[in-house]
Structure formats: structure tokens, C-alpha cells
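Under the numbering used here, the letters of the sequence shown match residues 113 to 238, in that order. Quick reminder that beta carbons are idealized off the backbone N, C-alpha and C, glycines included. Take a look at the structure below.
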Amino acid sequence: MSKKFKLLSVNNPGKLSSEHVWLEAIEDVDIGDYVLMDSTFGSDHQASNENRHSFLFPPKTVKQGEFVSLRTRSGEDKVFVNESKQVIHAIHWNHQKTVWNKDGDTAYLLYAPKASRQSKSVPAQE
């Protein structure tokens, strides 16, 4: 398991204009090896297997001590230095609706190296 990239918080849930997930590079890291998913809770108040949204981070090196702001809304990705002199990588999910909008939503950051991912297209039903 890689601990190079850390999920810090989900901010402003339910407000599309400002909803974002805040992450930090603990070491230099290719964030393209990570996936962020949301899940919800079942009636027993335990995390469910219902994963509604997932975001595969783009291949990008983020240096130790830099931050990533994954913004739910549409926008242009950019890197900037904020007033606290922190380097921020603003990345946009390009959703038209909020992701973190239900009580019990849970954010999961998964280490899923690109080299180990597999996919298979499912043929259309006739």
C-alpha cells in the first residue's frame, strides 16, 4: 500500500461552486496511480458497496508537500501558489451536480497503479 498521497478532507459538500476534496503529497508521487471513489452507508449504518462516482487521477507528478484540490465542478485545471505559499494543483472532475451530497457519503482514496489496472469492454445486448 502506498502512503505517498493522503486524503485530507471533503469541503463544502452539496455546494457545486465550491465542493472539493483536499489531498496532500506526502512524498513525490504520480497521482495517476490513484482513484477517488464515493460510497454511502446502508440501513445498518455500515459503509456499503454502492460506489456511485469514481475519479481516476490524471498522470501527473505532485511534489512532496504540495496539495491537490479535486473540484467537483467544471473548470480548467491549473497549478498555482496560494497566499500561504502552498503549491495547489486544482483538478476538475467536470460534474454538473454535486458528488458529496448525502449524509453518510464516504470518500475512499485507492492506490491502483496504472500498470496493474485491467479493463474489458462489455458487448452491447441485442
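Compare the beta carbon distance of Asn213 and Pro125 with 9 Å and say whether it is the shorter of the two.
-> Taking the first residue of the sequence shown as 1, we reach residue 213 at position 101. Taking the first residue of the sequence shown as 1, we reach residue 125 at position 13. Against a cut-off of 9 Å, the Cβ pair of Pro125 and Asn213 comes out as a contact.
Are the beta-carbon atoms belonging to Ala224 and Asp145 less than 9 Å from one another?
-> Here residue 224 refers to the residue found at position 112 of the sequence shown. Here residue 145 refers to the residue found at position 33 of the sequence shown. Yes, these two residues count as a Cβ contact at 9 Å.
Is the distance from the Cβ of Val147 to the Cβ of Thr184 below 9 Å?
-> Within the sequence shown, the letter at position 35 stands for residue 147. Within the sequence shown, the letter at position 72 stands for residue 184. No. Outside cutoff.
Within the same chain, show all residues whose beta-carbon is closer than 6 Å to that of Ser121, passing over the 5 residues directly before and after it, in chain order.
-> The residue you call residue 121 lines up with position 9 of the sequence shown. Hits under 6 Å: Trp134.
Chain-order list of residues whose beta-carbon lies under 6 Å from that of Glu136 (same chain, five-residue window excluded) = Start at 1 with the first residue of the sequence shown, and residue 136 comes out as number 24. Answer for Glu136: Lys118, Leu120, Phe179, listed in chain order.
If you compare alpha carbons, which of Ser228, Ser129, Asp140, Lys115 is closest to Gly187?
-> What you label residue 187 is simply residue 75 of the sequence shown in a count that begins at 1. Nearest of Ser228, Ser129, Asp140, Lys115 to Gly187, Cα basis: Ser129.
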